[in-house]
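I have placed the structure first, in the form of structure tokens, so that the comments after it can refer back to it.
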Amino acid sequence: MQFHEKLQKLRKDACMTQMELAEKLMVSRQAISKWETGNAIPDIENMVSICDLFHVSLDDLVRDTQTVKEEEKVSDDTDKKVWQENKKVTPKRRIIMVILLIAAVLLAGWQMNLFAITVIAIMWGILCVSLYWIIKKGLDLLSKYVRKGEEIYQILTVINKRKREG
Numbered sequence: 001m002q003f004h005e006k007l008q009k010l011r012k013d014a015c016m017t018q019m020e021l022a023e024k025l026m027v028s029r030q031a032i033s034k035w036e037t038g039n040a041i042p043d044i045e046n047m048v049s050i051c052d053l054f055h056v057s058l059d060d061l062v063r064d065t066q067t068v069k070e071e072e073k074v075s076d077d078t079d080k081k082v083w084q085e086n087k088k089v090t091p092k093r094r095i096i097m098v099i100l101l102i103a104a105v106l107l108a109g110w111q112m113n114l115f116a117i118t119v120i121a122i123m124w125g126i127l128c129v130s131l132y133w134i135i136k137k138g139l140d141l142l143s144k145y146v147r148k149g150e151e152i153y154q155i156l157t158v159i160n161k162r163k164r165e166g
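Using UniProt numbering, you'd call the opening residue of the sequence shown number 1 and step up by one each time.
Here it is in structure tokens:
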């Protein structure tokens, strides 16, 4: 809702005519009409007077609430998408931890024969490929949102916030 629509709604909600509002603001009825049709905008003093008269903040009066709500919706949607994408990686992280644990046990408990070295080398290879895939997936996700115009720090903030919560 834009300023001129808000002004008209506030005036009608207060059961005032344009003339009554004009008298309270000490302006002409034509000025009120121009403001309500969007043909003109009041100066800052009249804006403050309107805010005082209708008990609204200047921010609420001037800001386009539809734009603010759309920005909040886009931000919430981005938060949800980033969180969902980040959650998908979790099972792979568990697999990597298991591989690391098995490799550590093998290193600690077995004698260094050819079989143990081969198993450890294969596990480390799988680990490296898995880590590469996870890092690539994360960078691709960041790249996707940056191309859409999202700020990287916002995306990372959302990811870190969700990690702390979950």
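Ideal Cβ placement from N, Cα and C applies to all residues, glycine included.
Query, Result
"Backbone CA spacing between Ile100 and Gln2 [nearest angstrom]", "With the sequence shown as reference, residue 100 is identified as Leu, and Ile is not the correct amino acid for it. Their backbone Cα atoms lie some 59 Å apart in a straight line."
"Three-state secondary structure assigned by DSSP to Arg63", "coil"
"Cβ contact (3+ pairs, closer than 8 Å) linking the region 33 to 46 and the region 2 to 17", "yes"
"Whole-angstrom distance between Glu165 and Thr17, CA atom to CA atom", "52 Å"
"contact_flag[the region 132 to 151, the region 111 to 124] where n(CB pairs < 8 Å) is 3 or more", "no"
"Endpoints, alpha helix (DSSP H) assigned at Met123", "Leu114 to Arg147"
"For Val119, the nearest candidate out of Cys51, Ile102, Asp52 and Met97 (CA to CA)", "Ile102"
"Pairwise C-alpha distance: Ser28 and Val56", "22 Å"
"Buried versus exposed call for Ile122 [16 or more other C-beta atoms within 10 Å across all chains shown]", "exposed"
"Same chain only: Cβ atoms within 6 Å of Ser49, ignoring 5 sequence neighbours per side", "Leu25"
"Residues near Arg11 by beta carbon distance below 6 Å, same chain, minus five either side", "Leu21"
"Closest by C-alpha distance to Leu131, when choosing among Lys161, Ile95, Arg147 and Cys51", "Ile95"
"Nearest residue (CA-CA) to Arg93, options Leu127, Lys80, Leu53 and Arg63", "Leu127"
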